[in-house]
Amino acid sequence: MSMLHIVNKSALDRNSLETCVNHTVKGASIILIEDAVYSAMKNTASTSLVEGAMKDVSVAVLGPDLKARGISEEKLIDGVTVVDYAGFVELTTKNDSVQSWL
Amino acid sequence: MSEVKKFLYVNRKAPYGTIYAWESLEVVLIGAAFDQDVALAFIDDGVYQLVKGQDTNEIGMKNFSPTYSALGDYDINKIYVEKESLEARGLTIDDLQHLVWEDEDEDWAEKDSIKVVSAAEMAEIMDQSEVVLSF
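Taken in order, these protein sequences are the chains called A and B. Sequential numbering of the first sequence, starting at 1, is according to our numbering. Sequential numbering of the second sequence, starting at 1, is according to our numbering.
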């Protein structure tokens, strides 16, 4: 079974990303949307959390939400995939199930 | 007009994910009409509000970030950004919009509105404020 985890809160404001990371199994995927896109950035207080997670799970970030917030792709952690809305839909269909961490 | 009070608007939320950032900006602009001594503080995720290059075309929301550059025209030129908050988010002042105001006492010289301050300095700024509004 593979699960897509959707996170939409800033990791420096809420603990949803941390709890999500602690409840993922190998082979799962995480997509960062809305205020969670800041968590895809390098050199932040939450970068090590995401880098640690990426040993076992793949991490994607929603491009339109990055653009809205003025975060350019060169600020992102290496290995994080930027997807558009179609890519988001593809992730939901590619995985067996979806969990939203509100 | 009654006495002038020192107002401080404290911004701690990222833009777009919640309505706080936009609401704060609206209240600041409305409040600017009342000739008070206004200062803005950006701490925690609030520093994201001032990041330059925001483009909301693909998310179907209004990009309100250009409005920050109008604050100088409303005599709002004390914009404090917390250093520790920037650092925790991998940001520097170069990632933020360049906000300026014109000083009429110095032949309309253009001056920077944003001042990066430490948490300790921010605590002093808060302590000196008479009215604090949090967003």
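C-beta: ideal position from N, C-alpha, C; glycine also.
| query | result |
| --- | --- |
| For A/Leu102, which of A/Ser2, A/Ala11, A/Met1 has the nearest alpha-carbon? | A/Ala11 |
| List the residues of chain B whose Cβ lies closer than 8 Å to the Cβ of A/Thr44, in chain order. | Ala88, Arg89, Gly90 |
| Can you give the beta carbon distance from B/Ala41 to B/Asn11, rounded, assuming they're within the 8 Å contact cut? | 7 Å |
| Decide if B/Ser113 is buried, meaning its Cβ has at least 16 other Cβ atoms within 10 Å, or exposed. | buried |
| What residues match up with B/Trp101 in a beta bridge as DSSP calls it? | B/Lys111 |
| When you compare each of B/Gln36, B/Glu130, B/Lys78, B/Lys62 to B/Val116 by their alpha carbons, which one comes out closest? | B/Lys78 |
| Considering only the beta carbon of each residue, do A/Val57 and A/Ala28 sit closer than 7 Å? | yes |
| Run the CB neighbour count on B/Lys52, radius 10 Å, all protein chains shown included, and call it buried at 16 or more, exposed below. | exposed |
| Which one of A/Leu91, A/Ile30, A/Ser39 has the shortest CA to CA distance from A/Leu76? | A/Ser39 |
| Would you verify that the beta carbon of A/Met41 is, or is not, closer than 7 Å to some beta carbon of chain B? | yes |
| For B/Ser98 and A/Met41, what's the separation of their Cα atoms in angstroms? | A small fix is needed here, since residue 98 of chain B is His in this sequence, not Ser. The straight-line gap from Cα to Cα measures roughly 22 Å. |
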